[in-house]
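In the working numbering, the protein residues as written are 432 to 647. Report on the structure given below.
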Amino acid sequence: MGARAAGDPGGVSQEPVCQVASDSGEFPIGTAVHRGPDTYHPGGGYERWSLDLTNATDSGCGNIHPVLVLVDEKRKLRPAQIQLEFHDGARWRPVPFEKTDQDENLGVFDDGFPGFSVGPGKTVTVRVRLAFTSDTRPGHVVAAAALVQRRDDDGDWVGESRDYPFDIVAGGGGRTRPGLAEELARTGPSGALLGLGATAAALLLCGGALVRGARR
């Protein structure tokens, strides 16, 4: 199974198809965070990592939009403090965040982009860069990516990554122990922390607006 960068042929969606057996219980697109640092510094500039989107089915899957969910332990992180961009194969695009009534921060990989396309048995690697403004408070944060296939004004939830935990630490410093964060991102979800957040992210993209009462 070969990896393909987002800008290579097949990296940009042309047809909104994504098929998987209804009784399989598995998402059609596997998602993994790669080389994410375990420490960020407020005002310290971008840290780069990537999302791998792997199609385990026999058919193509297009119009795929990752949705990143950030949940900080103290629930003090604000959307304006998060600086996230993704590369569509041609240029970097900004990812604006919105805050939910559960104090989760949700960011859709959109900005007019038609979405990623992943061929059968293929992997598309999406480059990401993330930073936090200088007024961001130190604390522990857990991130996870949900994948939604957009279909006009509707959509299907087609993938979800494991949790990616990291810390925002005051003071300078560089990238620290990327291997640890990558390992943690593959060890399994933390449970209740992001389970509902990823659902809200899917609702945000599929419905065009956050359904604030869906989790009550």
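Just so it is clear, CB atoms sit at the ideal spot from N, CA and C, and this is done for glycine as well.
Residue of the options minimising C-alpha distance to residue i
i      : options                           : result
Phe458 : Tyr595, His496 and Cys449         : Cys449
Val464 : Trp588, Arg593 and Arg506         : Arg593
Thr554 : Ile495, Asp598, Ala601 and Phe563 : Ile495
Gln512 : Gly538, Val498, Arg524 and Gly491 : Gly538
Asp469 : Ala562, Trp523, Val498 and Gly552 : Ala562
Pro545 : Tyr471, Leu499 and Arg582         : Arg582
Val600 : Thr567, Glu591, Arg479 and Leu499 : Thr567
Arg524 : Lys505, Gly570, Pro497 and Asp532 : Pro497
Arg466 : Thr556, Val589, Leu578 and Pro569 : Thr556
Gly570 : Lys505, Glu478 and Leu482         : Lys505
Asp598 : Leu578, Leu501, Leu482 and Thr462 : Leu501
Leu578 : Arg522, Asp503 and Leu499         : Leu499
Residues bridged to residue i [DSSP beta-bridge criterion]
i      : result
His571 : Asp598
Arg524 : Phe517
Asp483 : Ala463 and Thr556
Gln580 : Ile495 and Asp587
Inter-residue spacing [alpha-carbon to alpha-carbon] between residue i and residue j
i      : j      : result
Pro510 : Phe528 : 5 Å
Pro447 : Gln580 : Reliability fails at Pro447, whose pLDDT of 45 lies under 50, so the model's placement of it is uncertain and the value that follows must be treated cautiously. Pro447 and Gln580: Cα-Cα distance of roughly 7 Å.
Glu535 : Gly493 : 27 Å
Phe547 : Ser565 : 32 Å
Gly543 : Gly476 : 25 Å
Lys507 : Pro596 : 16 Å
Phe649 : Val559 : Since the first and last residues shown for the chain are 432 and 647, residue 649 lies out of range.
Val572 : Asp587 : 27 Å
Pro473 : Pro551 : 40 Å
Lys530 : Gly491 : 33 Å
Gln514 : Val549 : 26 Å
Asp532 : Ala575 : 18 Å
Thr460 : Leu482 : Here residue 460 is Ile; the residue named in the question, Thr, does not match the sequence. Rounded to whole angstroms, Ile460 to Leu482 spans 12 Å at the Cα level.
Glu478 : Tyr471 : 8 Å
Glu591 : Gly602 : 33 Å
Arg522 : Thr462 : 22 Å
Pairing CB atoms from the region 505-522 with CB atoms from the region 484-493, are three or more of them under 8 Å? Contact between the region 505-522 and the region 484-493 is absent, because fewer than three Cβ pairs lie under 8 Å.
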